[in-house]
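Working notes for the structure below.
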Amino acid sequence: MIAAVLPTYARMPVAFERGQGAYLYTETGEQYLDFGAGIAVNALGHCHPHLVEALKAQADKIWHTSNLYQVPGQQKLAERLVAASFADTIFFCNSGAEALECSIKMARRYHWANGAPERFRIITLEGAFHGRTLATIAAGGQKKHLEGFGPAVEGFDQVAFGDIEAVRQAIGPETAGVLVEPIQGEGGLRALTPAYLRALRNLCDEHGILLLLDEVQCGIGRTGKLFAYEWAGITPDILATAKGLGGGFPIGACLATEKAGSGMTAGAHGSTFGGNPLAMAVANAVLDVILAPGFLEGVQDKSRNLTQRLAQLQDEHPEVIEEVRGAGLMRALKCKIPNQDLIKACLDEHLLTVSGGDNVVRLLPPLIISDQQIEEAVQCLSRACKNLDHVNGHQA
-7 MIAAVLPTYA
3 RMPVAFERGQ
13 GAYLYTETGE
23 QYLDFGAGIA
33 VNALGHCHPH
43 LVEALKAQAD
53 KIWHTSNLYQ
63 VPGQQKLAER
73 LVAASFADTI
83 FFCNSGAEAL
93 ECSIKMARRY
103 HWANGAPERF
113 RIITLEGAFH
123 GRTLATIAAG
133 GQKKHLEGFG
143 PAVEGFDQVA
153 FGDIEAVRQA
163 IGPETAGVLV
173 EPIQGEGGLR
183 ALTPAYLRAL
193 RNLCDEHGIL
203 LLLDEVQCGI
213 GRTGKLFAYE
223 WAGITPDILA
233 TAKGLGGGFP
243 IGACLATEKA
253 GSGMTAGAHG
263 STFGGNPLAM
273 AVANAVLDVI
283 LAPGFLEGVQ
293 DKSRNLTQRL
303 AQLQDEHPEV
313 IEEVRGAGLM
323 RALKCKIPNQ
333 DLIKACLDEH
343 LLTVSGGDNV
353 VRLLPPLIIS
363 DQQIEEAVQC
373 LSRACKNLDH
383 VNGHQA
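Right, dumping it as structure tokens:
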């Protein structure tokens, strides 16, 4: 008999009743250190008091009016994101996949509005993950996501990760833009170099096509800057973000320059729930914290500490850990053993982690994580590795 909840997830055998900061608690009071943060969603941990206050206050006022009317929270959030980024305009939706759908549509519409409707194809990279809708699984191009859902949405050309010449060769008269994640999340925490991103920007300018960034996972402070593109000293034309923006409340956003968004006129796109007052209140509260003086510098400090401790962990457990990847508080351990074995061993130590492609274990703590909690996580990882060493017959 099929489960009442459609069984599309291989869920861990644990449920949580409440959360506080970087910890989650089961109904029986067992404590777990959360280094998954809802897959980088709980940017400020669980039940952050400023977010809870903002949500409760908005809930007492108004929940939903539709986008037929002005939504003051949208205006405020959009103006703050515009002021803090490359963007001139923002569209709000409910998820990362929706933000990517808007990005793809916007790129096609830009060329259509400028007399080049033949330019509709988007170049993407191998290993990409851009969401679970029909268009975004086609953009991601991964067989495991496309299987059984054919025919794939037309218009995506995939090239090798990190190969700028492959992008150059793929650009043709139908190309509308290039879509990349500065750091692939589900694809195994592989980071594009700043030099690659700068070369990509130059290529797009050279050919009159748009640069689209997927910062659904790596944006909103995850790398120690509001957006990961800032490290490369470039700006995109369109950027999709979500996850951390709502701190646990569903929200997505498509940021764009005035030029890139010029084709998106009234009626071109929409969302029933996107940008509702509850989501806007929480996202504005998230920005209150993340954009406060010193917060992102603190993320960078904690990132350096985590990097050093994970490098030591790799040295101590070379039979388990092949490589430490990522940037900021978006890290991964590429495993020499099946990554699910390490994830299970971490769960036994009450440390929550997340799997990823290319046999990695993702470490995505909330941005409020303390140095003491980083040390606690490393100790859990070390015990988990030792247990696996013993099981596999190696010396710890």
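For the sequence shown, position 163 (counting from the first letter as 1) is numbered 155 according to my numbering, and the numbering increases by one without interruption. The beta-carbon is built from N, C-alpha and C at its ideal position, and this holds for glycine as well. Everything numeric in this text was worked out from a predicted model, so none of it was measured.
| Item | Value |
| --- | --- |
| Host alpha helix (DSSP H) of Glu289 (start-end) | Phe287 to Glu308 |
| Beta-carbon proximity check, Ala183 vs Arg354, cutoff 9 Å | no |
| Tyr24 (DSSP reduced to helix, strand or coil) | strand |
| Enclosing alpha helix (DSSP H) for Ala49 [first to last residue] | Pro41 to Ala51 |
| Test: Ile226 CB closer than 9 Å to a CB of chain C | In the displayed structure, chain C is absent; only one protein chain is listed. |
| At least three beta-carbon pairs within less than 8 Å, the region 220 to 235 to the region 244 to 251 | yes |
| Cβ-Cβ separation, Gly236 to Ala79 (assumed contact under 8 Å), whole Å | Rounded, the Cβ-Cβ distance is 17 Å, inconsistent with contact. |
| Distance between Asn59 and Trp223 (C-alpha atoms, nearest Å) | 35 Å |
| Among Glu207, Met(-7), Gly255 and Ile156, the one whose alpha carbon lies nearest that of Leu181 | Glu207 |
| Within the region 163 to 222, ranges of the alpha helix (DSSP H) (whole runs, at least 4 residues) | 186 to 199 |
| Neighbour-count burial assignment, Pro285, 16 or more Cβ in a 10 Å radius | exposed |
| DSSP bridge partner residues for Thr116 (one or two, in chain order) | Gln150 |
| For Ser347, the first and last residue of its enclosing beta strand (DSSP E) | Val346 to Gly348 |
| Whole-number beta carbon distance between Ala89 and Thr116, since they are thought to touch under 8 Å | Between Ala89 and Thr116 the Cβ distance is about 14 Å, and since that is not below 8 Å, they are no contact. |
| Residue burial classification, Asp363 (beta-carbon count within 10 angstroms, cutoff 16) | exposed |
| Cβ-based neighbour list, Gly266, same chain, cut-off 6 Å, excluding 5 preceding and 5 following | Phe84, Cys85 and Asn86 |
| Secondary structure of Ala245, DSSP reduced to three states | strand |
| Identified DSSP bridge partners for Phe83 | Cys246 |
| Counted within 10 angstroms of its Cβ, other Cβ atoms place Pro242 as buried (16 or more) or exposed | buried |
| Inter-residue Cα distance where the pair is Pro64 and Ala152 | 43 Å |
| Sequence-distant residues of the same chain with beta carbon closer than 7 Å to Gly407, five excluded per side | With the chain represented from -7 up to 388, any question about residue 407 goes unanswered, as that position is not in the structure. |
| Integer-rounded CB distance, given that Ile361 should sit under 8 Å from Leu321 | 7 Å |
| DSSP-derived helix/strand/coil call for Ala108 | coil |
| Cβ-based neighbour list, Ser95, same chain, cut-off 6 Å, excluding 5 preceding and 5 following | Leu204, Ile230, Ala232 and Cys246 |
| First through last residue of the alpha helix (DSSP H) which encompasses Glu71 | Pro64 to Ala76 |
| Nearest neighbour of Thr264, chosen from Met256, Gln365 and Trp55 [CA to CA] | Trp55 |
| Through-space distance from Glu173 to Asp307, alpha-carbon basis | 29 Å |
| Unbroken alpha helix (DSSP H) run spanning Phe135, endpoints | Looking at the sequence shown, residue 135 is not Phe but Lys. Lys135 -> alpha helix (DSSP H) spans Lys135 to Leu138. |
| Meets three-Cβ-pair contact criterion under 8 Å: the region 318 to 338 and the region 208 to 216 | yes |
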